[in-house]
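Quick notes on the structure that follows.
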Amino acid sequence: MVNMAIIILLVLGFLNGKRKGFILQAVHITGFVIASAVAYILYDDLAEKLKLMIPYPSFNSDSSFALLMHEGNMETAFYRIIAFAILFFAVRIILNIVGSSLTFLAQLPVLKQVNGWAGGILGFAELYLILFIVLYIGSLLPVDEIQSALKGSAVAEGMIKNTPYISALVASWWVK
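Numbering (the numbering used here), first residue to last: 155 to 330.
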């Protein structure tokens, strides 16, 4: 079921990017990268403050699956992920509001011809990155239902463990 949902979402990401066009999709994916960089720079400080405000939930002792449980301090990773998400989404929303004013560029002659398909490719890439982060966070959450859903999904496990460069990068940020 999770496999099918991921595939459908990726197809919808392509179609949504095709509908939005290259310029707006480029703004969104650039915003994604900038928001990730800002969140990466600032998340550790916020994580320390969140430890005082949010209690850490514990894993069930018979939890059947946690893709990344063996890789490090799960409590620290939990707070780092929450801090990263707060910063990421705040910056992303601000950049998308500012960036949406650039859509007039899509009417330029050269861009008008490739606008749809290039937007589709960027839309797919953007949604893949978002799904990767959501799945990675899900693999770290101490919720048995999420863990068992991920255990049954070859696509989710493949994305989390085998996305070139990004899998190792995110693991070094949050887990190790």
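Backbone N, C-alpha and C define an ideal beta-carbon position, used for all residues, glycine too.
F238 counts as buried, since no fewer than 16 other beta carbons sit within 10 angstroms of its beta carbon. Looking from the CA of A159, the closest CA among A325, I320 and A308 belongs to A308.
By the beta-carbon neighbour count (other beta carbons within 10 angstroms, threshold 16), I314 is buried.
For S255, no alpha helix (DSSP H) run applies, since DSSP gives it neither H nor E. Closest in C-alpha terms to G274, from the list S302, I251, L289 and K174, comes K174.
When DSSP states are grouped into helix, strand and coil, T317 belongs to the coil group. When DSSP states are grouped into helix, strand and coil, V324 belongs to the helix group. Between the stretch 181 to 192 and the stretch 240 to 250, the count of C-beta pairs closer than 8 Å reaches three or more; the two stretches touch. Three or more Cβ pairs closer than 8 Å define a contact, and the stretch 191 to 210 falls short of that threshold against the stretch 256 to 263.
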